[in-house]
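Trainee:
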C-alpha cells in the first residue's frame, strides 16, 4: 500500500468531502491526527510527549491517539469483498450483522476473540414495549416520557435522536432476538426461574410505572438472566452465560443467512477513497493482514477503551483527576473492557470522541451494605449526612467527594419497610419474581440480619438484594446493636466523629418527625426514623478512588443514523458507522438510567437499527 497522505481536521472539513479535494490514492483522512502544540495554561512543554504533539480538539496531556498504522500492500495476504464489514462481534456487532444479513446484505464480522471461548458481557437486557414483554404485563409505556428521562439523567449531554431510536426500536430488537432463539433453549423461561423482570416491591405490572424516587423516574422492563446457565450444550459449547447463549444463537442465525465470522482477527486501520469515503478495513488475523472491502459500510462495534490506560488517563478527566488526588497510578484507573481500537480508527478517519465529561460505568453503587440502593441514612467519615439518599444514581460520585475514610449506612428494626419502598434504579432492591420466590433472596436477607443481632462486634455476612446472581452471593458485613452508641463503635466511629454521628441521627429523626427533609429533599415516604432497636449498620472505606469501572461509555460523534461525523457535527464520513460503546452521546456524564441493562439494550438495539440501515444503502 502506498504511503498515506495525512490531512488534518481543518483541511478535511474545508475541502475533502465538500469540494472533492483528493489525497493520494487509498489515503486515510486523519481527523484526529496529532497537531503541533503550543505552550498554554493547560499544556506546558514539560507536559508534552517527546514528539511535542497532541491530538487536535482535545484537552489532554499526552498523545493517546498516535498515527494511523501504514500497512504496505506486500503485507496483505488476502482480500475479502462484502457489502458490510462489522468490526467487533460483541452485542452491537452481532445484532448489526444479523440485521444486515436478514435484509439481504453480505456481511463479514471481525472478532478478536477465539471462537472456542467467544463470550459476552452482562446479564440484563433493557427494552421497551416489546410484544414479548407486553404479553407479560410490561408494555404500553410512553416513549417520549422515557426519552425525556434519559436526556434529563444525561444532563443534556446526549443525543435525543439516538435515545429515541433506542427506546422506540428496542422492543422490535428483543422480539427478533426471541424469534431466533430455539424452543429448546430455556434462556427466556420465566416460569422456572431462569430469568426475571426486575420490579419494585408489590408492583407486578406496567400500571405501576414509572416509579419516581428522588425526582427520578424508572420503568420495569429489564429481562435479567440472574446468573443462570444452560446445562445443555449451546451450539457445541457448555457452561456459557445466558447472554452468550443468546448471542451465539443470533450469530448462528446470521451465519445461516450467509454472514461470515473471522475470529482471532483485530481490525487495524480503515481504508478511504480520495474523497474521504470509508471503503474497507485492514485487519490482522492468524495468517497476517487481510483487506476487507465494504461496498456499503464499515460498522465500528469494537467496544470500549477501559483497558487502555493511556486513553482512560487522557480522556476520562473525572476519573483521572479524582484518582490522582487519591494517589492512584494510571494503571489503577483502568476498567474491564476493551482497548479502544474502534474509537482510534474512527478518529484517524476524521471522527471525534464525544466531549468531556465522558461517561463510564462507574457511577452506580457506592453506598455500603447488602441493601442495594435502599436510601437509609448515610453518613461520612466525620459522622455527617451529605446527600438525598434517594438519588441513588448519583451516590458514588457524591461519596467520592466526601472526606476520605468511613462511609456508613444506618437503619433500625424497621429496615424492611425502606427496602420495600426503595426505587428501581440499577442496583435497587430487586423484587423480581425469580429472585424473591424461587431463590429466596429476601428471606436470606432477613436470616442474615437476624444473625447480625447475635454476632455483636464480629458482625455477620448478609447476602445482597440489589444485583441478584444465583451463582454467587454479593454480600456485605452487617453489624447490629441495642444502642446507637454501641453500633457506631462497631462501625469504627470514635471521638468527635461518633459524637457528630449521634447528633446527625438525632437531627435526622427530627426531620422524619416533620415528614419534610428540609436539608436535602428526601422523599417523605422514605424518611424513616432510626429509633427502634436493634440498630443496624454497614460500613465501607471511601478512599476517594475512581476507575473506569466495568466499561467506558464514551464513543464517536454520529448523526441519528449512527454515521460518524466530523468536528462540525454536520458532515458525515461516508461509509463509516458506529454502535455499542463506539457510539457516543448516549449517557451524558455518567451511567444513570431509568431501567437496568440500558448499556446492553442500547448496544443491541443500535446495532440492529444500524444493520438494517447500512444494508439499505
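Residue numbers (this note's numbering): 15 to 631. The beta carbon of each residue, even a glycine, is placed where N, CA and C say it ideally should be. Given the structure is predicted, the values throughout are model-derived calculations rather than measurements.
DSSP three-state call for residue 445: helix, strand or coil?
Mentor: Taking the chain shown and counting its residues from 1, one reaches residue 445 at position 431. DSSP places residue 445 in coil when its eight states are reduced to three.
Trainee: Assign residue 313 to one of three DSSP states: helix, strand, or coil.
Mentor: Reading the chain shown from its first residue, position 299 is the one you call residue 313. In the structure shown, residue 313 sits in a strand (DSSP, three-state: E or B).
Trainee: Less than 6 Å between C-beta atoms, sequence neighbours within five positions excluded: which residues of the same chain meet that for residue 119?
Mentor: Mapped onto the chain shown, residue 119 falls at position 105. Within the same chain, residue 119 has close Cβ partners 97, 98 and 629.
Trainee: Less than 6 Å between C-beta atoms, sequence neighbours within five positions excluded: which residues of the same chain meet that for residue 326?
Mentor: What you label residue 326 is simply residue 312 of the chain shown in a count that begins at 1. So the qualifying residues of the chain are 347, 348 and 562.
Trainee: Straight-line CA distance for residue 618 to residue 137?
Mentor: For the purposes of this step, residue 618 is taken as the residue at position 604 of the chain shown. For the purposes of this step, residue 137 is taken as the residue at position 123 of the chain shown. Cα-Cα distance, rounded: 13 Å.
Trainee: Relative to the C-alpha of residue 200, which residue among 244, 122 and 266 is closest?
Mentor: Locating residue 200 in the chain shown gives position 186, counting from the first residue. Residue 244 is the option with its Cα nearest to residue 200.
Trainee: For my contact list, residue 362 and residue 609 are in at a C-beta cut-off of 8 Å; report their separation, rounded to the angstrom.
Mentor: Here residue 362 refers to the residue found at position 348 when the chain shown is read from its first residue. Here residue 609 refers to the residue found at position 595 when the chain shown is read from its first residue. Wrong, their Cβ atoms sit about 35 Å apart, outside the cutoff.
Trainee: Please state the DSSP three-state secondary structure of residue 362.
Mentor: Here the question's residue 362 lines up with position 348 in the chain shown. The answer is helix: DSSP assigns residue 362 an H, G or I state.
Trainee: Starting from the N-terminal side, write out each stretch of the beta strand (DSSP E) that is 3 residues or longer and does not extend beyond the segment 219-297.
Mentor: Listed in chain order, they are 225-227, 230-232, 236-238, 274-276 and 280-286.
Trainee: Give a yes or no on whether the C-beta atoms belonging to residue 544 and residue 426 are separated by under 7 Å.
Mentor: Start at 1 with the first residue of the chain shown, and residue 544 comes out as number 530. Start at 1 with the first residue of the chain shown, and residue 426 comes out as number 412. Their beta carbons are under 7 Å apart, which means residue 544 touches residue 426 by this criterion.
Trainee: For the 8 Å Cβ check, are there 3 or more pairs between the segment 529-544 and the segment 278-296?
Mentor: Touching, no.
Trainee: Short of 6 Å in beta carbon distance, which residues of its chain neighbour residue 24, apart from the five on each side in sequence? Order them along the chain.
Mentor: Counting from 1 along the chain shown, the entry for residue 24 is found at position 10. Its pLDDT being 34, under 50, residue 24 is placed unreliably by the model, and the measurement read from it follows with that caveat. Here the set comprises nothing.
Trainee: Considering only C-alpha positions, which residue in the set 539, 272 and 571 is nearest to residue 594?
Mentor: Taking the chain shown and counting its residues from 1, one reaches residue 594 at position 580. The shortest C-alpha separation from residue 594 is found at 571.
Trainee: Per the DSSP calculation, residue 549 is bridged to which residue(s)?
Mentor: Taking the chain shown and counting its residues from 1, the one referred to as residue 549 is at position 535. Note: residue 549 sits in a beta bridge opposite 495.
Trainee: I want to know whether the segment 201-220 touches the segment 166-173 - three or more CB-CB distances under 8 Å.
Mentor: With a cut-off of 8 Å, the segment 166-173 and the segment 201-220 do not count as touching, because too few Cβ pairs lie within range.
Trainee: Can the beta-carbon of residue 301 be found less than 7 Å from the beta-carbon of residue 433?
Mentor: As a working note, residue 301 is residue 287 in the chain shown. As a working note, residue 433 is residue 419 in the chain shown. In this structure, residue 433 does not lie closer than 7 Å to residue 301 by Cβ.
Trainee: Alpha carbon to alpha carbon, how far is residue 116 from residue 106?
Mentor: Within the chain shown, residue 116 is the residue found at index 102, counting from 1. Within the chain shown, residue 106 is the residue found at index 92, counting from 1. Cα to Cα, the separation comes out at about 15 Å.
Trainee: Quick check on residue 342: does DSSP put it in helix, strand or coil?
Mentor: Your numbering for residue 342 matches position 328 in the chain shown. In this structure, residue 342 counts as coil in the three-state DSSP scheme.
Trainee: CA-CA distance, residue 331 and residue 371?
Mentor: Numbered from 1 along the chain shown, position 317 holds the residue referred to as residue 331. Numbered from 1 along the chain shown, position 357 holds the residue referred to as residue 371. The straight-line gap from Cα to Cα measures roughly 7 Å.
Trainee: Report yes or no: do the segment 374-393 and the segment 483-494 share at least 3 C-beta pairs separated by less than 8 Å?
Mentor: The segment 374-393 vs the segment 483-494: in contact.
Trainee: Of all the options 289, 295 and 565, which has the alpha carbon lying nearest to the alpha carbon of residue 359?
Mentor: Within the chain shown, residue 359 is the residue found at index 345, counting from 1. Closest option to residue 359, Cα to Cα, is 295.
Trainee: Take residue 78 and list the residues in its own chain whose beta-carbon comes closer than 6 Å to its own, dropping the five residues that flank it on each side.
Mentor: The count along the chain shown starts at 1 and reaches residue 78 at position 64. The residues are 324, 325 and 328.
Trainee: Provide the residue(s) that pair with residue 577 in DSSP beta bridges, ordered along the chain.
Mentor: Numbered from 1 along the chain shown, position 563 holds the residue referred to as residue 577. Residue 577 pairs with 591.
Trainee: Give the straight-line distance between the Cα atoms of residue 285 and residue 87, rounded to the nearest whole angstrom.
Mentor: Residue numbering aside, residue 285 sits at position 271 when the chain shown is read from its first letter. Residue numbering aside, residue 87 sits at position 73 when the chain shown is read from its first letter. Each residue's Cα considered, the two are about 12 Å apart.
Trainee: Would the beta-carbon of residue 597 fall within 7 Å of that of residue 551?
Mentor: Numbered from 1 along the chain shown, position 583 holds the residue referred to as residue 597. Numbered from 1 along the chain shown, position 537 holds the residue referred to as residue 551. No. Outside cutoff.
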